[in-house]
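Residue numbers (this note's numbering): 193 to 463. Working notes, structure below.
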Amino acid sequence: MKLMKTSQIKSIARRQLKGTRIQAFSVILMTFFIMLSIQLLEAVCRYSFAIPATLQFDYKNIILTAVWLLVSMLLLWPVSIGKTKYFLSLAVAGKGKKSNLFAYFSTGRSYFKTIVTTLITSLMVLCTLFFSIIPGMLLLFWGNGHTISIDVTLQLTGIFLLITASAVTVRVALGLALVPYLLVKEHKLLPVAIIRRSQKLMKGNRLRVLYLFISFIGWFFLCLFIVPIFYALPYYEASMAVLAQQMTGKKEQEEREIYSTIEFQKLVSQV
């Protein structure tokens, strides 16, 4: 099955959100409130124990930061995948449930799998970024104290390497773009298998995902005025879910011929 154009994907997303936009936005809003609650809890702890929010290597600061990161991982990551489950259900069946948001707290196996998979993908992106920017940063640092021509050459080379590092990191991140959706759909695959499958499915499709994201940049800027958030965020999440469903569904049709969801095909035929 040929992948749809970005305009078709966004059109399907708009159709799916008719009558469900309030619920879809409430799911995003609940995710935001959970994240905000964790941030507020950290701020209260810092105030209570007089721990400044600085980069000082104070043992109290290190312990609190580590605890905050751990709590964020253990709570936010399963909720984030639950949000993905909601919008993927919307893409497949035309409806989702608010309870999907907390679906990955239901069993130890699904919870552990979500944490491990998300941790691996996060480390892959962070390690790629860290190790790829080191050469550029070193050249920028060393590009001082020499003759003008050497300084300029080193600094320009450093800037070029930093741009290249950013491009490499974006490429790695795009290769993992389907991991949350595969976590929802593939219950039997192990974390490493899910990551490999995402990378395989994303071959030749990275620019398609990137283009869909870029097409929403205007909406993201409008979100600075608060009100457009109600329209833009569910629209973006639903569009990404439609694209992910088609990309993963295409592979499934070739392997198991299961890309036959009636509601989804009806939406496609209306475009």
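Every residue gets a Cβ at the ideal spot worked out from N, C-alpha and C, and that includes glycine.
Same chain, Cβ closer than 8 angstroms to residue i, neighbours up to 5 away in sequence not counted
i, result
"Arg213", "Phe422, Tyr423 and Pro426"
"Ser407", "Thr198 and Lys202"
"Phe241", "Lys252 and Leu256"
"Leu332", "Leu346, Gln347, Gly350, Ile351 and Leu354"
"Ile226", "Leu267, Leu268 and Val271"
"Ile535", "One cannot answer for residue 535 here, as it falls past the ends of the chain, which runs 193 to 463."
"Leu416", "none"
"Ile243", "Cys237, Asp250, Lys252, Asn253 and Leu256"
"Trp411", "Pro420, Tyr423, Ala424, Tyr427 and Tyr428"
Proximity of residue i and residue j at Cβ, strictly below 8 angstroms
i, j, result
"Ile201", "Leu374", "no"
"Arg469", "Gly367", "Residue coverage of the chain in this structure runs from 193 to 463, which leaves residue 469 outside it and unanswerable."
"Ile204", "Val376", "no"
"Ala357", "Gly328", "yes"
"Val317", "Thr276", "no"
"Gln438", "Met196", "yes"
"Thr223", "Ser272", "yes"
"Pro383", "Lys305", "yes"
"Phe297", "Gly288", "no"
Neighbourhood of residue i by C-beta, 6 angstroms cutoff - its chain only, sequence neighbours within 5 removed
i, result
"Phe217", "Phe422 and Pro426"
"Glu234", "Trp260"
"Ala295", "Gly274 and Lys277"
"Ala258", "none"
"Leu353", "Pro327 and Gly328"
"Arg206", "none"
"Gly211", "none"
"Phe322", "none"
Selected residue, minimal CA-CA separation from residue i, among the options
i, options, result
"Gln231", "Met394, Leu261 and Ala242", "Leu261"
"Leu330", "Thr349, Thr320, Cys319 and Leu321", "Thr349"
"Asn292", "Val263, Cys415, Tyr239 and Gln215", "Gln215"
"Leu393", "Ile254, Gly441 and Ser264", "Gly441"
"Lys194", "Arg400, Cys415 and Gly410", "Arg400"
"Ala369", "Lys210, Leu402, Ser298 and Ile243", "Leu402"
"Arg301", "Leu416, Leu381 and Val419", "Leu381"
"His379", "Cys237, Tyr303 and Ile220", "Tyr303"
"Ile325", "Leu315, Tyr428 and Ala359", "Ala359"
7 angstroms Cβ shell around residue i - same chain, five flanking residues per side excluded
i, result
"Gln208", "Leu282, Ala283, Gly286, Ala430 and Leu459"
"Val488", "Here the chain covers residues 193 to 463 and nothing more, so residue 488 does not appear."
"Ala365", "Val317"
"Ser264", "Ile230"
"Leu414", "Pro420 and Ala424"
Residue interval of the alpha helix (DSSP H) (run including residue i)
i, result
"Lys277", "Tyr251 to Ala285"
"Pro383", "Pro383 to Met394"
"Phe224", "Arg213 to Ser240"
"Thr198", "Thr198 to Leu209"
"Lys377", "Val371 to Lys377"
"Phe412", "Ile409 to Leu414"
"Tyr403", "Arg398 to Ile406"
Closer than 8 angstroms is the cut-off here; do at least three beta carbon pairs connect the stretch 222-238 with the stretch 255-274? yes
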